[in-house]
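Protein chains in written order, with this note's numbering: chain A, 19 to 349; chain B, 211 to 472.
Report on one structure; see the data block that follows.
Structure follows, in structure tokens:
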């Protein structure tokens with residue numbers, strides 16, 4: 019209890035950075051994840067996350083610096099390149115989208131691992147810490163990082179608010195969006211940009227491998243609770259932030275526990291919880307409703323049979339009573 | 211005052227070198243209810259999409275009201291096939307109909323009270339007002355189609371291009387949709403509709419575009435919807451043809467009445 023209070027007071031500057039950093043990451047990933055999910059591009063997010071690694075390494079090699087903005091630029095370029103190459107290959111070859119995504123993901127990631135390894139073996143002193151992009155290292159988030167995350171979240175929120183209607187109609191019915199003259203190319207460009215941005219900052223906390231879940235899980239969990247896009251966006255942000263705090267708290271109480279993976283685990287727990295318990299779309303809710311119907315029908319059938327039994331046949335009446343009690347027990 | 215609603219010239223569309231539309235050429239007048247009829251895979255949907263600029267053209271062009279699409283976009287409404295979207299999208303009926311009020315010009319602005327009133331009116335037209343708050347995945351096929359048509363009505367266009375609005379809808383919805391189309395026609399609107407049921411073509415439509423990759427014929431139903439043309443469009447597909455032949459052989463269709471009995 020004391021540790022919870024100490025954590026919530028955010029008096030420790032390190033804790034403060036981790037909490038604010040992951041909160042911002044969770045929020046932006048939750049927001050763009052909703053559109054990734056609704057446009058059925060979940061795998062694409064995974065591909066972009068993996069493809070960012072070579073961009074980060076190249077930015078380091080070219081810029082000789084680990085400044086967050088330099089690396090972010092590299093990440094942005096590489097993420098965009100991967101999206102473009104996926105788009106190009108799907109359009110120009112007979113390969114299906116899932117094969118193309120798998121291909122691009124592994125080629126870019128392979129390239130990234132090769133670059134990372136050669137940088138680490140080159141003996142450049144400043145390289146240490148680049149590997150945090152691989153598995154994420156929330157504990158190393160600095161105030162400089164946090165201010166950059168803040169700008170990213172601001173950009174995501176402003177773009178989403180400005181173009182909300184456009185993104186909505188694009189996600190629901192792309193042909194219609196084109197037919198009414200919406201600037202579909204611009205909208206797709208903006209949506210991809212904020213997605214790549216969110217992924218690029220997110221991998222610093224959870225790493226390349228777990229990034230897809232930070233993107234998809236909040237949206238998937240939120241979808242169970244609502245049928246409205248605006249509410250879904252807010253819920254996804256809430257889930258992202260909640261998981262971020264949970265992850266940060268767990269690694270605060272048990273310092274050997276890594277923050278990023280715990281954020282992902284918390285998200286998984288939230289998703290499973292939503293899947294089971296959401297009132298209308300949840301598994302249990304549906305089950306319960308079906309059960310009630312089945313029971314109602316069964317009781318009604320028993321009543322019908324009872325009405326057919328002649329008044330003298332007490333033995334039959336007793337059996338029917340027993341049967342009815344059995345059905346009632348299922349309540 | 212232009213007299214042609216749609217003018218299509220040498221329109222050719224191909225996917226991977228295989229032509230889907232080949233040298234299609236026709237002019238359609240304003241104020242008519244027009245069917246596009248042809249066998250499966252004959253390019254009916256592609257024809258609508260190419261008029262709306264949704265597929266790249268290999269050749270030719272389409273003009274609406276004697277102007278390129280970009281200049282008259284606000285007067286044109288497109289209703290895609292119902293199956294082309296995921297109805298499990300988090301939206302209510304009202305939200306989808308309001309999309310009919312989206313314009314490139316108001317992309318960055320909020321919808322106005324007028325927009326909402328028009329959307330309400332459109333929902334009323336398709337008799338779905340009490341469903342306004344309903345999640346769209348909880349609608350029947352016919353109701354989903356009516357929501358799409360309400361969205362189209364909310365655009366308040368002069369030309370409507372609809373892809374299979376009667377496909378897989380219940381009898382009540384079919385009747386409601388037909389009534390709406392006739393009302394729109396009476397208000398001078400032009401409607402171009404992809405239709406699959408040969409039996410109702412004469413009953414519902416004024417004009418017909420018969421096609422099978424190439425254009426077979428386009429013109430008033432009485433002149434164009436003939437056995438010879440249907441043979442040309444459906445050649446070889448005997449089961450359909452037999453039905454059609456029966457229809458044609460009944461001969462001497464009654465003179466079409468102005469009001470279609472439903």
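Note that the Cβ used here is the ideal one computed from N, Cα and C, for glycine as well.
These numbers were taken from a predicted model, which means no experiment stands behind them.
Less than 8 Å between C-beta atoms, sequence neighbours within five positions excluded: which residues of the same chain meet that for residue i?
i, result
"residue 234/A", "51, 54, 55, 60, 63"
"residue 107/A", "113, 118, 121, 122"
"residue 366/B", "328"
"residue 149/A", "134, 138"
"residue 317/A", "342, 345, 346"
For residue i, is the classification buried or exposed, using 16 other Cβ atoms within 10 angstroms of its Cβ as the cut-off for buried?
i, result
"residue 15/A", "What is shown of chain A runs 19 to 349, which leaves residue 15/A out entirely."
"residue 448/B", "Any reading at residue 448/B is ruled out, since the residue's pLDDT is 46, under 50, leaving its predicted position unreliable."
"residue 333/B", "buried"
"residue 305/B", "buried"
"residue 275/A", "exposed"
"residue 251/A", "buried"
"residue 194/A", "buried"
"residue 315/A", "exposed"
"residue 280/A", "buried"
"residue 225/B", "exposed"
In its own chain, which residues sit with a C-beta less than 6 Å from the C-beta of residue i, not counting the 5 before and 5 after it?
i, result
"residue 451/B", "Below a pLDDT of 50, predicted positions are generally treated as unreliable, and residue 451/B, at 48, falls in that range; the measurement from the model is reported next regardless. Taken in chain order, the residues that qualify are 444."
"residue 210/A", "101"
"residue 237/A", "51, 52, 55, 254"
Determine, using beta carbons only, whether residue i comes closer than 7 Å to chain A.
i, result
"residue 318/B", "yes"
"residue 415/B", "no"
"residue 372/B", "no"
"residue 300/B", "yes"
"residue 323/B", "no"
"residue 314/B", "yes"
"residue 355/B", "no"
"residue 290/B", "yes"
"residue 283/B", "yes"
"residue 345/B", "yes"
Got a sec: is the Cβ-Cβ distance from residue i to anything in chain B below 7 Å?
i, result
"residue 344/A", "no"
"residue 246/A", "yes"
"residue 190/A", "yes"
"residue 197/A", "yes"
"residue 193/A", "yes"
"residue 155/A", "no"
"residue 62/A", "no"
"residue 187/A", "yes"
"residue 180/A", "yes"
"residue 392/A", "The requested residue 392/A is not part of the displayed model; chain A covers only 19 to 349."
Using 8 Å for Cβ pairs, my map puts residue i next to residue j. What's the rounded Cβ distance?
i, j, result
"residue 159/A", "residue 223/A", "7 Å"
"residue 277/A", "residue 156/A", "4 Å"
"residue 404/B", "residue 255/B", "6 Å"
"residue 289/B", "residue 421/B", "No, residue 289/B and residue 421/B are not in contact; Cβ-Cβ is about 19 Å, not under 8 Å."
"residue 79/A", "residue 255/A", "Contact flag wrong, Cβ pair sits at about 36 Å."
"residue 237/B", "residue 252/B", "About 20 Å separates the two Cβ atoms, so there is no contact after all."
"residue 352/A", "residue 283/B", "No statement about residue 352/A is possible, as the shown extent of chain A runs from 19 to 349 and does not include it."
Measure the CB-CB distance between residue i and residue j and report whether it falls below 7 Å.
i, j, result
"residue 284/A", "residue 258/A", "no"
"residue 39/A", "residue 164/A", "yes"
"residue 325/B", "residue 344/B", "no"
"residue 67/A", "residue 171/A", "no"
"residue 21/A", "residue 271/A", "yes"
"residue 292/B", "residue 353/B", "no"
"residue 415/B", "residue 245/B", "yes"
"residue 361/B", "residue 307/B", "yes"
"residue 481/B", "residue 218/B", "A query on residue 481/B cannot be resolved here, the shown segment of chain B reaching from 211 to 472 and no further."
"residue 93/A", "residue 218/A", "yes"
"residue 294/A", "residue 302/A", "yes"
"residue 401/B", "residue 279/B", "no"
"residue 295/B", "residue 245/A", "no"
"residue 253/A", "residue 263/A", "no"
"residue 81/A", "residue 214/A", "no"
"residue 373/B", "residue 221/B", "no"
"residue 393/B", "residue 363/B", "no"
"residue 232/A", "residue 220/A", "yes"
"residue 71/A", "residue 130/A", "yes"
Can you list, in chain order, the residues of its chain whose CB lies under 7 Å from that of residue i, leaving out five sequence neighbours each side?
i, result
"residue 208/A", "177, 181"
Does any heavy atom of the ligand GDP sit closer than 6 Å to the C-beta of residue i?
i, result
"residue 254/A", "Here there are no bound small molecules, and the ligand GDP is not part of this structure."
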